[in-house]
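Protein chains in written order, with our numbering: chain X, 58 to 302; chain D, 58 to 302. I have placed the structure first, in the form of structure tokens, so that the comments after it can refer back to it.
There are 2 protein chains.
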Amino acid sequence: MNQALAESNTMGANIHLKSILIIDDDTELTEMLAAYLGTAEYRVKVCNDGQSGLAEAVSGGHYDLILLDVMMPKMDGFDVLKKLRVSHATPVLMLTARGDDYDRILGLELGADDYLGKPFNHRELMARIKAIFRRLTLVSNGGAIEQDLLVNSIFLSPSAQVAKVDDVEVTLTSTEFSTLRLLMLNAGNRVTKEEISLKVLGKPLQPFDRSIDMHVSNLRKKMAAITPQEKIKTIRGVGYMLMPH
Amino acid sequence: MNQALAESNTMGANIHLKSILIIDDDTELTEMLAAYLGTAEYRVKVCNDGQSGLAEAVSGGHYDLILLDVMMPKMDGFDVLKKLRVSHATPVLMLTARGDDYDRILGLELGADDYLGKPFNHRELMARIKAIFRRLTLVSNGGAIEQDLLVNSIFLSPSAQVAKVDDVEVTLTSTEFSTLRLLMLNAGNRVTKEEISLKVLGKPLQPFDRSIDMHVSNLRKKMAAITPQEKIKTIRGVGYMLMPH
DNA sequence: AAGGTACTGTAAAGCTTTTGTAAAGTCGGA
DNA sequence: TCCGACTTTACAAAAGCTTTACAGTACCTT
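Pasting the structure below:
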């Protein structure tokens, strides 16, 4: 399922060149960029003012990246970016006056992906364009980390170490977290205390060991503060089970 | 274990100096430059006309950087650059008449890495030389251009080595900077101490190692001087997490 | 149905581990 | 040698885990 998506992405990328939209009123510069980028592996389109640039970006076709100048007459780069972001998530590399912190921060806040101060050299521009594309594929492929879980109104995100019950955040210790995760992974099935002890605490269950009971008790207490619904069922003489719904 | 790595790095850097070829017909200037750059960490060679300069660049030996004057009798800087680029990718910093856009653009088109208008001051020259080398190592290190980050009112600019919290500049050591960067790259996600140690300090976390804790503590202290808001959350037994907002 | 037995729930106390941070120590570069 | 940065040490505080203790519950036996 994930595979198919990744493949189609990759194929899509290989079949036709990446397309770049350049929006800058400096015709000398845009000509040079078009020539330079055009020779490489990009399809390039140029707009020399903000208005036509925005129109092209929104309804002219798909672009993989937009190079957007800040200083332009009529509609400046920030306006373009603001309006673009209403409907499009196209990556944007802003071209700003060198070293202008305010511009940079504003740009990043408006959702620019990176920026480059003018004047820039082509090598740096290429590097940043490549960096953006690289980052994009990384994000879309997603790292193979522990998956988020959602069972019976309980949401668990290992990467953020966050649990939510009915959309209310619950603060859990890491043992409670792991215990809940194990139960969720086996939702609807009983999980023995031995298994919990081994997988969560990393040690076999001792004869009069009550610690698992305590952790489950604490979990119940924390969830009960949010919902009256009983999520964890006791299976006497065996262990526990998370109700699937 | 760490020692060995650090040593070899240092040694590698010290073994040979970066070499610079200066091509300029102004002998007064070249003498001065040779003297100035020679005292720093560079090996310098001078050619006073385009022809000999090109010959030296192509077959005289390896150069890490070429300072190339545009205005020269016989063969001007553009001609040199054009011929050089047929076979060599040596970084070139062009010396042009101040503010001459045409020269600048032509130079960049021909593959110059940067330009500097005459007259220039030494400090600026040094800064640009260093910038070129820095960029180069970045690119050759895998093209990992480090982009600026903005998360939860924290602004981080690796290229400028500047951090701002609520627009107030914070002075960080490089370790603190890298640590903060790693946390920001994973904002909203937990980052283990092991990962911080590996990626920031370049060594695995030792059993009773507290240095990461100290760096985080110092980071918190510096940020607390500006805002009471807690940016870095502790995840007990795991590591830390930068709050996304 | 009554009583016995074993298991479970949980508050509270006790113990261990982890963390925060000041301060001292170490190291490498100017 | 001095200085700044990083690390280690030391100890207090915090947080989490386990044990204890006892009340309650389920299930079996008679």
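We treat Cβ as the ideally placed atom computed from N, Cα and C, and that holds for glycine. For clarity, every value in this text was computed on a predicted model and none was experimentally measured.
Can you say whether residue i is buried or exposed, counting buried as having 16 or more other CB atoms within 10 angstroms of its CB?
i, result
"residue 211 of chain X", "buried"
"residue 302 of chain X", "exposed"
"residue 181 of chain D", "exposed"
"residue 230 of chain D", "exposed"
"residue 287 of chain D", "exposed"
"residue 203 of chain D", "exposed"
"residue 120 of chain X", "buried"
"residue 254 of chain D", "buried"
"residue 185 of chain X", "buried"
"residue 247 of chain D", "buried"
"residue 85 of chain D", "exposed"
"residue 179 of chain D", "exposed"
"residue 220 of chain X", "buried"
"residue 291 of chain D", "exposed"
"residue 170 of chain X", "buried"
"residue 126 of chain D", "buried"
"residue 107 of chain D", "buried"
"residue 89 of chain D", "exposed"
"residue 259 of chain X", "exposed"
"residue 103 of chain D", "buried"
"residue 218 of chain X", "buried"
"residue 271 of chain X", "exposed"
"residue 285 of chain D", "exposed"
In terms of residues, what are the limits of the beta strand (DSSP E) holding residue i?
i, result
"residue 206 of chain X", "206–208"
"residue 174 of chain X", "171–175"
"residue 248 of chain D", "247–249"
"residue 298 of chain D", "296–299"
"residue 150 of chain D", "149–154"
"residue 74 of chain X", "No beta strand (DSSP E) holds residue 74 of chain X; DSSP gives it neither H nor E."
So for residue i, helix, strand or coil by DSSP?
i, result
"residue 257 of chain D", "helix"
"residue 224 of chain X", "coil"
"residue 288 of chain X", "coil"
"residue 265 of chain D", "coil"
"residue 189 of chain D", "helix"
"residue 214 of chain X", "strand"
"residue 198 of chain X", "At residue 198 of chain X the pLDDT is 46, less than 50, meaning the model places this residue with poor confidence and gives no usable figure here."
"residue 67 of chain D", "Note on residue 67 of chain D: pLDDT 31, under 50, position unreliable in the model; no value is reported."
"residue 283 of chain D", "coil"
In terms of residues, what are the limits of the alpha helix (DSSP H) holding residue i?
i, result
"residue 235 of chain D", "231–242"
"residue 163 of chain X", "158–166"
Less than 8 Å between the CB atoms is what I'm expecting for residue i and residue j, so what's the real figure, rounded?
i, j, result
"residue 124 of chain X", "residue 79 of chain X", "5 Å"
"residue 137 of chain X", "residue 118 of chain X", "Not really, about 17 Å apart at Cβ, beyond 8 Å."
"residue 251 of chain D", "residue 262 of chain D", "5 Å"
"residue 223 of chain X", "residue 283 of chain X", "6 Å"
"residue 154 of chain D", "residue 168 of chain D", "Not confirmed; about 20 Å, so no contact."
"residue 82 of chain X", "residue 152 of chain X", "Contact doesn't hold; Cβ gap of about 11 Å is too wide."
"residue 131 of chain D", "residue 98 of chain D", "The Cβ separation is near 32 Å, so there is no contact."
"residue 299 of chain X", "residue 236 of chain X", "10 Å between Cβ atoms; not a contact."
Runs of alpha helix (DSSP H) lying entirely within the region 89–145 of chain X, each at least 4 residues, in chain order
107–116 and 134–144
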